[in-house]
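Keeping their order, the protein sequence lines are chains A and B.
Per the working numbering, residue 1 is the first one in the first sequence, and the count goes up by one each step.
Per the working numbering, residue 1001 is the first one in the second sequence, and the count goes up by one each step.
For every residue, glycine included, the Cβ atom is placed at its ideal position computed from N, Cα and C.
As the structure is a computational prediction, the values presented were derived from the model and not from experiment.
There are 2 protein chains.
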Amino acid sequence: MNQDYIKPDEWSIIEEGFDKNLVKSSESLFSMGNGAMGQRANFEETYTGPTFQGSYIAGVYYPDKTRVGWWKNGYPEYFAKVLNAPNWIGIDILIDGVTLDLNTCSQVGDYRRELNMKEGWYRRSFTATLPNEVQVRVIATRFLSLKFDEIGAIEYTVEVLNKEVSITAIPYLDSGIKNEDSNWDDQFWNTTAVSFKDGRAFIEAHTMKTNFATCTFMMAMAQANGERIDASKSEKTETKASLLFETSIEKGGRFTLTKYGGYAVDRNHDKNELVAAANKVLDEVSSLGFDDLLETQKKAWTEIWQMSDITIEGDVKAQQGIRFNIFQLNQTYLGTDSRLNIGPKGFTGEKYGGSTYWDTEAYCIPFYMATKNQEVARKLLKYRYNHLEKAIENAEKLGFENGAALYPMVTMNGEECHNEWEITFEEIHRNGAIAFAIYNYFRYTGDYTYIPEMGLEVLIGIARFWYQRANFSEQKGQYVILGVTGPNEYENNVNNNWYTNYIAKWCIDYALEQLDKVEEGYPDDYQRIIGKTHLTEAETERWSAVAKKMYFPFSEKLGVFLQQDGFLDKELIKVSDLPKSERPLNQKWSWDRILRSPYIKQADTLQGFYFFEEHFSTEELRKHFDFYEPFTVHESSLSPCVHSIQAAKLGRMDQAYQFYLRTSRLDLDDYNKEVEEGLHITSMAGTWMSIVEGFAGMRVIDDKLNFTPQLPEQWSSYSFKINFRNRILKVAVTKEGSSYELTGNEEMSIRVNGERVVLTPTETVEA
Amino acid sequence: MNQDYIKPDEWSIIEEGFDKNLVKSSESLFSMGNGAMGQRANFEETYTGPTFQGSYIAGVYYPDKTRVGWWKNGYPEYFAKVLNAPNWIGIDILIDGVTLDLNTCSQVGDYRRELNMKEGWYRRSFTATLPNEVQVRVIATRFLSLKFDEIGAIEYTVEVLNKEVSITAIPYLDSGIKNEDSNWDDQFWNTTAVSFKDGRAFIEAHTMKTNFATCTFMMAMAQANGERIDASKSEKTETKASLLFETSIEKGGRFTLTKYGGYAVDRNHDKNELVAAANKVLDEVSSLGFDDLLETQKKAWTEIWQMSDITIEGDVKAQQGIRFNIFQLNQTYLGTDSRLNIGPKGFTGEKYGGSTYWDTEAYCIPFYMATKNQEVARKLLKYRYNHLEKAIENAEKLGFENGAALYPMVTMNGEECHNEWEITFEEIHRNGAIAFAIYNYFRYTGDYTYIPEMGLEVLIGIARFWYQRANFSEQKGQYVILGVTGPNEYENNVNNNWYTNYIAKWCIDYALEQLDKVEEGYPDDYQRIIGKTHLTEAETERWSAVAKKMYFPFSEKLGVFLQQDGFLDKELIKVSDLPKSERPLNQKWSWDRILRSPYIKQADTLQGFYFFEEHFSTEELRKHFDFYEPFTVHESSLSPCVHSIQAAKLGRMDQAYQFYLRTSRLDLDDYNKEVEEGLHITSMAGTWMSIVEGFAGMRVIDDKLNFTPQLPEQWSSYSFKINFRNRILKVAVTKEGSSYELTGNEEMSIRVNGERVVLTPTETVEA
């Protein structure tokens, strides 16, 4: 049974009723982020029940010493961990000296959480009866400001329902926090100063080893029945700073604490000026005040939704699901900083500690290209360019040479963070996705300048890697790639994974093509790059020989490419013929059994058909889809979206919709029973792709947008917007057909179901 | 450079001169054991320099919680660790109040260690100048009694050279010890009582979790210049018991402390009677006295050597090397207890914490069969029979059913202890070695009774495993075994490892054959076993179908079986063409590079040719040897012996001798730079095989011994004895030929170079 406690609503995530067993789940689901910091939906006040505390600062990590059972040469010494950062949200509340703690209250009523996605705020409200019989009603509203991305704001209101009481509110900062995920129980933070000034508090702390300097800060204002109350004292320990507000409140009276807090970090400021930077942003927001700051938040989210919303009519849960996905993606990464990237759990948990996987290139970039200014996708590409030197070093550690680059499987700063040999050393197809993203970026945006400026160097490093990684098989008379793990991680150390061989060959061909284009069109860049890489014609000829003679496993009998050598030796029992009790395999079967089975964790051969769709006929796609999908268990959150897109292309809308459902509410309905640990951020981009590329069939072909719109029969309509080369197109699909509305000044021609359609700005064209 | 500080000597291991950098190495090389306990050559007196303390009790282990980077389903929760046991050897010495510590002495002279292998004792002697300028000469002799295997004895003599001094000797027991190898720094021992009685001391302690109860005990007697001195006091802490002897000694005077100590354990005694058991053995040995006890030791070793010695003339280092190997094997396992087995490091270190690997069946059993009563090998087989239920449970954990048995890769008590998926789950050929050992035992001893009594059940469990582990490949029309690691651990998760497929088929065939033989010859046993295993004819027919249609990868072009599917796709560069700087590969190359290379860690296909030599022609052996050996890096201590035997069979004595050298002094000369961690016990049996099966060409064919004796040209002769079916045969090989001398009453016919030779007792026959 999946969980089913989130109330359907078009724009909000809503929980009603207090259930201690759901606290950790809701802490994930109601998480907030603004691209620079993130906060799980932990309670402000004390909570002694089960909770998973999490405050995160983008780009601040700790290199946790690698822990393995058996060391293998080449493992990285450290695994970069996302860190639980100092707590800035805490507000202890004492009523007549008794701590407000929902775990000890004799009664909790009218409990409600709402995450308003449209406006970007989160509110929790409840009535509670404390052990001393005092009844209170609490409403706590908070948000992480998009406009001032170093700060969050909280308005915490306590109404006393049954008697006059004394109330003490203690807003605090706390750097004495721990990571749940820690290999050796190291201390991750070193606190160097705790200070107060003008009613504000500051904790200066740096991470151990990485030495990221941070100042966690707060200011707080209190009111009782409209009267301002000043803090009566401040207190500090080595890792904690508290302000104390005390007052008495009559029955029916109301106490409100407003708190601003957050982080100033040395990525953005001189590390000796962090307190000054904190004061500056506190000055700005406090002069605005909570309500006006909230208005800036609503405005900022309105702008985001303006461009990135997808509307679905006729299915509230689907509407809520897709908006939740789009909301979370925007909470995680806004494209403002090329030093940051999109972690699989964003700012909602600690797992998958390293930030960047191939998820970014394979799944996230299309979303950001279409819903943001093209600079955002360019920043994501630049992130990898900036890591090229480290990717070359990484390849050198594994025995490659001459500038061959192997991008890490998981990284924070360009260095490899992962330590399973079958992944770290063998899941090398990631290099292909990084090259593909360069191609995809140009295809979509038409911005070629990235390639001479940065991309070509990345392509050269990657081509060099593939050239060296392949070897000539005398037996086959072709080049083979041995000992790899493909996208389907339920196979390890296989030979000639079709996807890997295919993308390797493509990478070399594409690099060679771009070398020619850059030589012709950007001779200065070409000279600079040749000078830097010492690339010779002899070398590119050797690459070319490998690409020309790359081996691809193929079954003549079945007419399909084989996922890898030997695939047909497996016992080919379809997933539908497996007992339900044996699923999910990753929980029920030992690893060796999974490996020798035909079962596929996520699209592998089909991932290649997705990336290189135009290389294959629809008939070939059908054949491969029909062969592989029945063996696919989709035990990765990244699998269903590719299948949904392909099922839609094959005109199988029922199946496409079923796949769509598996991702769109993955976290809201907690399909994998792990939402407590955080959300699946990167797969959310796949859900977006399922609608735009799947149902609506959007493709870019020869610089033109193409659509083949279809509508799931469960919906009455859907619509979305696309930023295509700085022109905004709104697409709506109804039972009657599809319509297209262009913003701007110029005409644009598109293709709908293969027919050319000319769009004129502001005119809605039905097709 | 290999180490070269051990003095050549036919019967002793000798070190001369004190070098702090060699202390840990010598602690391994001068280790003692008596099959029931073991002791590294740690100093009795305080030593503050680098040292690796190790006292071990056979069969006493701790299940250390598994540590991995990434958990895989099926991993065992715990890894059984050999434990550093309470210290019984310690004797602190104070001279005029200053502690004798070779690390702080201003001068150490005449330092000498001798391990007398002939007589089974170890002596260390030196002169030292203490920080207070007192000069002493120390002679410390110790041994672990073979006759009373719960006890060791130490005679520690201090002669004062330059002045009259007061001397304090504090023999102690200490259970406050630690393991160097510990996953979580757990406390492994819980001490429950420290007590004294009648000048004896006892520490009762049990292991955490496994709860093995032990009593570590000692008694000590002192003499100064022939006068007995009584202990002046006893002292204890929570984990330590000390006796204190004080006296003054004039210049030139001599102080001697005799200490008996050891362990009484609940494997042999009621756990509430351990102190009584300790007192009993102390009574026995103290009534004998040190000198008489040493006489029993000499006698016991004389008996062992009587049977197991190999003499080599013309090469002292070779003589020393082979005796060291034979000595260590006998120190480790004497065949007195079927609950014990032969750990790869014996009692000389902590590494490879689990005791039993397939090393026992593949390498050690031939040595024990030929140099001991056949009961000893039978006990080793019985060990696996006793673990059959656990092997069935182990297979169940991995998804097998119906009584299929998978023996663990590493075990102490029958449960799997290892946690690398590619080994634990996939190195399943170990099951084959266990079946092969049953066959080998019968072939050598002629004792069929083991099979109906115990072996057949093991064979059924193993056959069931192979039947279930293979699957039918529609493509090949044959049965395949996917996802395995063969003996060559430099390949992981390969398909159709030839060795594994071959031994799997053989196991099924052999089990079927034995079922018929037992049904015919031992009908009662047959009924019992069928009743217990519910084996049906339908099931054995299914086994048979798998065995008949097993697939073996083969190259028609090369005429060789392929180590696994796809082997010929590798870049087949020979080891001799690799730069020396890249070796050893396991230190220089990343794991993926090793995996996709053709390099072989230890005999794999050739291991099959070794086990099943009679299935192949010499020409086939030559072809496979010439194909595989050039890719073999022999980075396992278990590799050279098989190659030595096969090279000898192919008449390549130079090569055979080179391989022999790589194992015979592996530890004495520390080829692998790791002797500090302990000795390679199981590969020592391979060295013995290299001489007996390799140089002398011993085989058992149709119940008869066969020899094809050859002599390395570096030697003038060698000889060894064989216990063949309770008849003792002495074989000597000289430059002139070979001779055979039979003990006993009956004639025996053997074959020498294919010619029948009839041996009459006590008559030496030249051939």
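If you reduce the DSSP assignment to three classes, tell me which class residue i lands in.
i: Arg652 of chain A; result: coil
i: Trp1121 of chain B; result: strand
i: Pro1630 of chain B; result: helix
i: Gln1587 of chain B; result: helix
i: Cys364 of chain A; result: helix
i: Met1032 of chain B; result: strand
i: Thr1237 of chain B; result: coil
i: Ile1428 of chain B; result: coil
i: Asn1672 of chain B; result: coil
i: Ile167 of chain A; result: strand
i: Asp1230 of chain B; result: coil
i: Cys1105 of chain B; result: coil
Can you list, in chain order, the residues of its chain whose CB lies under 6 Å from that of residue i, leaving out five sequence neighbours each side?
i: Lys1317 of chain B; result: Pro1008
i: Gly38 of chain A; result: Tyr56, Phe347
i: Lys476 of chain A; result: Tyr551
i: Gln468 of chain A; result: Phe400, Ala404
In chain B, which residues lie with their C-beta within 9 Å of the C-beta of residue i?
i: Asp565 of chain A; result: Asn1495, Asp1565, Gly1566, Asp1569
According to the Cβ coordinates, are residue i and residue j closer than 7 Å?
i: Val1484 of chain B; j: Asn1471 of chain B; result: no
i: Phe255 of chain A; j: Ile167 of chain A; result: yes
i: Tyr1479 of chain B; j: Gly1608 of chain B; result: no
i: Gln602 of chain A; j: Ser636 of chain A; result: yes
i: Thr605 of chain A; j: Tyr499 of chain A; result: yes
i: Gly176 of chain A; j: Thr127 of chain A; result: no
i: Lys1020 of chain B; j: Phe1052 of chain B; result: no
i: Ser769 of chain A; j: Leu638 of chain A; result: What the structure shows of chain A is the stretch from 1 to 767, and residue 769 of chain A is not part of that stretch, so it cannot be assessed.
i: Gly1074 of chain B; j: Gln1297 of chain B; result: no
i: Ser1664 of chain B; j: Thr1687 of chain B; result: yes
Taking residue i as the query, report the chain B residues whose CB atoms sit under 8 Å from its CB, ordered along the chain.
i: Trp591 of chain A; result: Lys1072, Asn1073, Gly1074, Trp1421, Phe1425
So, at 8 Å on beta carbons, what are the nonlocal neighbours of residue i in its own chain, with the 5 sequence-adjacent residues on each side left out?
i: Glu1284 of chain B; result: Phe1148
i: Ile1434 of chain B; result: Trp1358, Glu1361, Arg1384, Tyr1407, Val1458, Ile1462
i: Trp589 of chain A; result: Glu582, Ser597
Short of 7 Å in beta carbon distance, which residues of its chain neighbour residue i, apart from the five on each side in sequence? Order them along the chain.
i: Tyr1047 of chain B; result: Asp1101, Leu1102, Asn1103
i: Phe1327 of chain B; result: Met1117
i: Thr1207 of chain B; result: Val1060, Tyr1062, Leu1083, Phe1188, Trp1189
In chain A, what lies closer than 7 Å to residue i by C-beta?
i: Leu1482 of chain B; result: Asp569, Lys570, Arg596
Does chain C have any CB closer than 7 Å to the CB of residue i?
i: Asn1492 of chain B; result: Note that chain C does not occur in the displayed structure, where the protein chains are A and B.
Chain A contacts from the stretch 1466-1479 of chain B (Cβ-Cβ distance under 8 Å): For the stretch 1466-1479 of chain B, residues whose beta-carbon sits nearer than 8 Å to a beta-carbon of chain A comprise Asn1471, Phe1472, Ser1473, Glu1474, Gln1475, Lys1476.
Using a beta-carbon distance cut-off of less than 9 Å, what residues from the stretch 1063-1087 of chain B approach chain A? Residues passing the 9 Å Cβ filter: Thr1066, Arg1067, Val1068, Gly1069, Trp1070, Lys1072, Asn1073, Gly1074, Tyr1075, Phe1079.
For the stretch 418-439 of chain A, list every residue whose C-beta sits within 7 Å of some C-beta in chain B, in sequence order. For the stretch 418-439 of chain A, residues whose beta-carbon sits nearer than 7 Å to a beta-carbon of chain B comprise Asn419, Glu420, Trp421, Phe425, Glu426.
Proximal residues, the stretch 1383-1405 of chain B versus chain A, C-beta separation under 8 Å: Answer in chain order: Lys1397, Leu1398, Gly1399.
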